[in-house]
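Only one structure is covered here, and it is reproduced in the block below.
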Amino acid sequence: MITATQSSEKYSEIFDQFGSRTAAQPHWLQTLRKEAFARFAETGFPTTRDEDWRFTNISAVSNTAFELAGIERVSKEQLMPLGISGFATQLVFINGLFSEKLSTLATYGKGVKVASLAAQLASDPASVEPHLGKYLNLQRDAFCALNTAFVEDGIYISVPQGVVVEEPIYALYVTVPGATPQMNHPRNLIVAEKNSQVTVVEDYVSLGDGVTFSNAATELIAGDNASVQHYMIVREGEGSNNFSTLRIQQGRSANVATHSLLLGGSLIRNNVHPVLAGEGSECLINGLFMANGRQHMDNYMLVEHASPHCDSRQFYNGILNGNSHGVFHGRIIVHKDAQKTDAKQTNRNLLLSDDAQIDTKPQLEIYADDVKCTHGATIGQFDDSALFYLRSRGLPESSARHLLLLAFANECLDRMHSTQVRDHLEKLVVGALPEAAKFIGKRSAEGAERNLEEVG
Amino acid sequence: MSLLEIKNLHANVNSNEILKGIDLTVNPGEVHSIMGPNGSGKSTLAQVLARRESYDVTDGSITFAGKDLLEMKAEDAACEGLFMAFQYPVEIPGISNAYFLRAALNAIRKYRGEDEMDAMDFLPLLKEKMRLLEMDERFLNRPVNEGFSGGEKKRNEIVQMAVLEPKLAVLDETDSGLDIDALKIVAKGVNAMRNKNRSMILVTHYQRLLDYIVPDFVHVLVNGRIVKSGGPELALELEQKGYSWTESELAGARR
Amino acid sequence: MSSTVNQINDLTQQEYKWGFITSIDEDRLPPGLNEEIVRAISIKKGEPEFMLEWRLKAYRYWASLEQKHAEPTWANVKYPPIDYQALSYYSAPKQKKELKSLDEVDPEILDTYTKLGIPLHEQKLLAGVAVDAVFDSVSVATTFKAKLAEAGVIFCSFSEAVKNHPDLVKKYLGSVVPHTDNFFAALNSAVFSDGSFVYVPKGVRCPMELSTYFRINAQNTGQFERTLIIADEGAYVSYLEGCTAPIRDENQLHAAVVELIAHDNATIKYSTVQNWYPGDKEGKGGIYNFVTKRGAARGKNSKISWTQVETGSAITWKYPSCILQGENSVGEFYSVALTNNYQQADTGTKMIHIGKNTKSTVVSKGISAGHGQNTYRGMVKILKGAQGARNYTQCDSLLIGDKCGAHTFPYIEVKNASARMEHEASTSKIGEDQIFYLQQRGISKEEAVSMIINGFCKAVFKELPMEFAVEAQKLLSISLEGSVG
């Protein structure tokens, strides 16, 4: 445990040392990092008195002295059970640093660039400068400021005009706990130019249950009429504190879908911040969080409608068990000229134990007058009539419960476009619900649900 | 006889002149594409053809199937065989897709003096068109466009077009916001509707659609006027050189 | 006249020696409200002693409220202060001026009747045209009466019930809406004019829908209607109130009270279609409709269902409510409320869950057009002992044009953890966009509005008895004519 002052001193010390590690970075980036650190030093970590952090106490992070993690040796065998196999491109990061040895990179033509951010900064910094740091809000969020202060590595993906990348690009971030608490700050940049198409998967895992602090940030820029699918999986170890921010910038008729699955980690905070800057753009934010034990999972969205005729959809399903605590904070800001906005937000939560807790807070700030916004939240236990139906068909109660849980989780999974990713995620979900394994494959769950609808 | 004849069309929106003298002839069976930068008047042209009241025609004439289009109300133009696939299709709460489309089809049949189609005959027809556009049957009973993603809304527009079988279909940026798979499905649906009696006007901002729905003619609309017309290769040239190329060409021509 | 009434008459005649005697013979009492007026009303109606006492108690309570200026002001409606002393609280049933034929009727009124699809002979009745012997409305009424008598159902005016079934009245009157309930209930309890009384005996399913249209001795819609409906064990009754034809009344204030009591396994279905004069296009005139309606689902498995289509009145303030006392009892509220031009409505419902395994359903559809202001105020209260309570509330607002308003104030109080609540609210707009979309598919503007409105109100219309539903649909169309585009 350390005090705020000690923490501040510690971070300054680490930041200074970090300077030598990143001496080769271009000047503009070093300036950006210094500004970011100054901002972080100024504000410090948020507390529950800050509106955006009302339901999440981050003292586990603010009161711990974290060292900046370095590269660790990890073998392919160690990785195998952790990641998801079958992707042509698999970029592996150990403690936020790219490992060429453990990664595989497919060949892309037509000017597509997939690389580690550090490598891209070294080989072609001019390609990074127009975008890096231009969108992430350092003013509002201390974690974003901190991440920017420690920019070093992550993924860099650039897809030129009109190019369609069919296969998903998979990035595995492995946090390796050390003898003392360690932190890493992966920084990702995805640029999809006009009319292009790409799918990206970010998967956060741990090699062990020690205390760690992962603080990731991704800037995703979708040009006019581009189509981007993004997947975020957080399944770190028991001692992990995982913070992430996805900042999206969308051009005219750009279409972005981001899906998240939060499974593992002691304290998880996932921020999604799309700005619909171009007319007619569309954003889908689809999330599933499953918490147990004493896990805390905080989902914070800030959707900004800055242009007319844009559509946004937020669908979050939460399954909370044990003593866990879930949070859904959904903010929608509709700026003055964003006429004909259509924004929808739905948060559905299942509480499986008496001690599980959910805080759900929709927040609508509407400054235009021709707008459609709907929001809904449900909190409950199982639907007794659905349970009874399944039991009346011979299923024992525990199996019926698990089947319904799977059906509930499938509401989220079914919105995923990539069957390859979806199938992997379903396995992960099933793994988190042991008894549902008997019903692997969607058929039974779907069948049961459809029958239920007929029965009415 | 031409299907659509636009002569010197001038139109205002909120007292601003957007269309500044459009001339266009579309013969039966032809597919025309209209491309242009933001603000060029593409959507305005589509809305004027569909007879939207808030668009003020100040000069010119439009003849559709031998009749004066400007004299028609929107529903009459529709019954005469003009269909517009909207750029931003709206949701209609409380009315299912199936109910709505049957009402529309029957309104058109009634206008033509034909018998109404009952639900029993209509449903298989609708399901067939939905299959063509790979729309899930679940959507039949959902309120019109409710809960549809952008791509689903655009595909729904083409389902409607397939059911209503218009003489002239005006597709307003039907490709905007679609990923490549959705684009291919929409193109499949549209191409299945091409025949020697049916004409189409594709209003598009991006050239890619025209790789899949190959037009007979391409027109470039800049600042409320058609500045250049040509075949499909014009679209490629435009994509490469950008719209400013045509503006400078136009300026050059004026000098 | 009974001896009791004679006695009262003597007494009051004595009192009125000092200036009031002449007014008894007239059709109207002078304006103002005081104990003498209350007594006079009771005498004129020939009521037994218990009724007068009941009225006086209510009057005294109301007077105490009025002194404290305790008229409720929390509703989201604005109206100029009512001078209670300027109103007249009794007028004898008017003989309608008889017209010889429909040609003498205001053509605008006839036009509305035609649009509503009201059959010719009914039009005559409504317009006050002399009915000829061939017309069988009298015989219809007689057959109706006979069928009810056969089943043992009591259906008469409230005044008759006070005289002929005093025990039932004494037992149930005020048991659901006591005079202390609220300002207007107190006022109504003091000066109520007439209304309906229904008693359905044990195990009887009332053989037909009871309608105010067929109420024997039907009078003008009273200013202060009082209705009491009792369904005994295992009974079923469906009651329809009101009609789609526009009703004008020079009395601006209407404060009715309706009490429903359902015993074990009994069901009461109460449907209302109200189209009172809503005021002119500038918002002048129009009726103030302040109603207290409440149903007590007292028995096990009892059910009370309110369905209403409200398009009239300048100001509406009503919350048909259900008190779910009996185990497994069910309360329902289905409503379409329209405010156009300058109408204001603050309406909704209260569902109070007291017994075990009670269930309530609320479907409220508000339509605002013109400068109309439509407020939904709904309360769902789950008391501590209400184990296994369930509520589903759906509250939708439809705005037509951009000068109207819709507001929603849900109150949810849950004191039992086993409760399951589901609340959905939505606001949509019929804009030019939707209308044009339908037009571009070949559908005319009028038909488009009609389609959208009917789609919006579908869930409520299907709860109405069929003929009412058809009329209600037409009523909405007419009320919204010209409001779009």
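Chains as they are written, first to last, in the numbering used here: chain H, -2 to 453; chain R, 12 to 266; chain E, 48 to 532. Note that beta-carbon positions come from the ideal geometry of N, C-alpha and C, so glycine has one too. These figures come from a predicted structure and were not determined experimentally.
Secondary structure at residue i, three-state DSSP: helix, strand or coil?
i: H:Tyr313; result: strand
i: E:Asp480; result: helix
i: H:Gln246; result: strand
i: E:Asp228; result: coil
i: H:Ser9; result: helix
i: E:Ser491; result: coil
i: H:Gly236; result: coil
i: H:Ala1; result: helix
i: E:Glu73; result: Here E:Glu73 scores only 44 on pLDDT, less than 50, and its place in the model should not be relied on; the value that follows carries that caveat. Note: E:Glu73 maps to coil in three-state DSSP.
i: H:Gln227; result: As written in the sequence, residue 227 of chain H is His, which differs from the Gln given in the question. In this structure, H:His227 counts as strand in the three-state DSSP scheme.
i: E:Gly452; result: strand
i: H:Leu169; result: strand
i: E:Pro457; result: strand
i: E:Ser352; result: strand
i: H:Asn60; result: coil
i: E:Glu306; result: strand
i: H:Ala254; result: strand
i: R:Gly162; result: helix
i: E:Cys504; result: helix
Cutting at 6 Å between CB atoms, please list the residues of its own chain near residue i, excluding the five before and the five after it.
i: H:Asn320; result: Arg291, Asp352
i: E:Ala278; result: Val247, Val284, Ala309, Ala313, Ile315
i: R:Leu60; result: Val181
i: R:Val155; result: Ile103, Ile106, Asn108, Phe111
Can you determine whether any heavy atom of the ligand SAH sits closer than 7 Å to the C-beta of residue i, and answer yes or no?
i: R:Pro243; result: With respect to small molecules bound, the structure shown includes none, and the ligand SAH cannot be examined in it.
Would residue i count as contacting chain C if we go by Cβ distances under 8 Å?
i: R:Ser107; result: Here chain C cannot be found, since the structure's protein chains are H, R and E.
Just the C-alpha distance for residue i and residue j, rounded to the nearest angstrom, thanks.
i: H:Ala146; j: H:Leu26; result: 9 Å
i: E:Ala343; j: E:Ala436; result: 16 Å
i: E:Gln487; j: H:Lys369; result: 22 Å
i: R:Leu15; j: H:Leu285; result: 52 Å
i: E:Tyr389; j: H:Arg398; result: 53 Å
i: H:Leu118; j: H:Val125; result: 7 Å
i: R:Lys239; j: R:Val42; result: 16 Å
i: H:Ala103; j: H:Thr242; result: 27 Å
Give me, in chain order, the residues of the same chain whose beta-carbon lies closer than 8 Å to that of residue i; leave out the 5 immediate sequence neighbours on both sides.
i: E:His454; result: Asn123, Gln420, Asn421, Thr422, Tyr423
Excluding sequence positions up to five away, which residues of its chain have a Cβ less than 7 Å from the Cβ of residue i?
i: H:Gln342; result: Gln311, Gly327, Ile329, Pro359, His372
i: R:Lys53; result: Ile45, Gly47, Val214, Leu232
Exercise for the section: Please name the residues in the segment 161 to 180 of chain R whose beta-carbon is closer than 8 Å to at least one beta-carbon of chain H, in chain order. Expected result: Gly161, Gly162
Handout entry: Three-pair Cβ contact test at 8 Å for the segment 462 to 470 of chain E versus the segment 60 to 78 of chain R
Key = no
Exercise for the section: Would you list, in chain order, the members of the segment 498 to 513 of chain E that have their beta-carbon closer than 7 Å to a beta-carbon of chain R? Expected result: Shown in chain order are the members of the segment 498 to 513 of chain E whose Cβ falls below 7 Å from a Cβ of chain R: Met498, Ile499, Gly502, Phe503, Lys505.
Problem - Inter-stretch contact (C-beta, 8 Å, three-pair minimum) for the segment 162 to 172 of chain H and the segment 133 to 148 of chain H - result: Touching, no.
Exercise for the section: Below 8 Å between beta carbons is the criterion; list the residues of the segment 354 to 372 of chain H that meet it against any residue of chain E, in chain order. Expected result: Within the segment 354 to 372 of chain H, the qualifying residues are Asp366, Asp367, Lys369, Thr371.
Practice task
With 8 Å as the C-beta to C-beta threshold (strictly closer), list the residues of the segment 146 to 169 of chain H near chain R in chain order.
Solution key: Against chain R - using a Cβ distance shorter than 8 Å - the residues of the segment 146 to 169 of chain H are Gly159, Val161.
Practice task
Could you tell me whether the segment 203 to 220 of chain R touches the segment 127 to 138 of chain R, where touching means 3 or more Cβ pairs closer than 8 Å?
Solution key: no
Problem - Positions along the segment 60 to 80 of chain R whose CB lies within less than 9 Å of some CB in chain H - result: Answer set for the segment 60 to 80 of chain R: empty.
Practice task
Taking 8 Å as the threshold, find out whether the segment 414 to 421 of chain H comes into contact with the segment 383 to 398 of chain H through three or more Cβ pairs.
Solution key: no
Practice task
Report the residues of the segment 268 to 299 of chain H with a CB closer than 9 Å to any CB of chain E, ordered along the chain.
Solution key: none
Exercise for the section: Determine, using beta-carbon pairs with one atom in the segment 244 to 255 of chain H and one in the segment 2 to 14 of chain H, whether at least three such pairs fall under 8 Å. Expected result: no
Exercise for the section: With 8 Å as the limit, tell me which residues of the segment 397 to 417 of chain E have their beta carbon closer than that to any beta carbon of chain H; keep them in chain order. Expected result: none
Exercise for the section: May I ask you to list, following chain order, the residues of the segment 374 to 394 of chain H that have a beta carbon less than 8 Å from some beta carbon of chain E? Expected result: Thr375, Gly377
Exercise for the section: May I ask you to list, following chain order, the residues of the segment 181 to 201 of chain R that have a beta carbon less than 7 Å from some beta carbon of chain H? Expected result: Ser187, Gly188, Asp190, Ile191
Practice task
Report yes or no: do the segment 227 to 235 of chain R and the segment 200 to 208 of chain H share at least 3 C-beta pairs separated by less than 8 Å?
Solution key: no
Exercise for the section: Pull out every residue of the segment 35 to 62 of chain R whose Cβ sits closer than 7 Å to any Cβ of chain E, in chain order. Expected result: Ala61
Handout entry: Where the segment 436 to 451 of chain E meets chain H: residues whose CB sits under 8 Å from a CB there
Key = Asp449
Practice task
Answer yes if the segment 495 to 511 of chain E comes into contact with the segment 391 to 409 of chain H, meaning at least three C-beta pairs across the two stretches below 8 Å, and no otherwise.
Solution key: no
Handout entry: Cβ contact (3+ pairs, closer than 8 Å) linking the segment 345 to 357 of chain E and the segment 369 to 386 of chain E
Key = A contact exists between the segment 345 to 357 of chain E and the segment 369 to 386 of chain E.
Problem - the segment 110 to 119 of chain E / the segment 230 to 238 of chain E touching (three or more Cβ pairs under 8 Å) - result: yes
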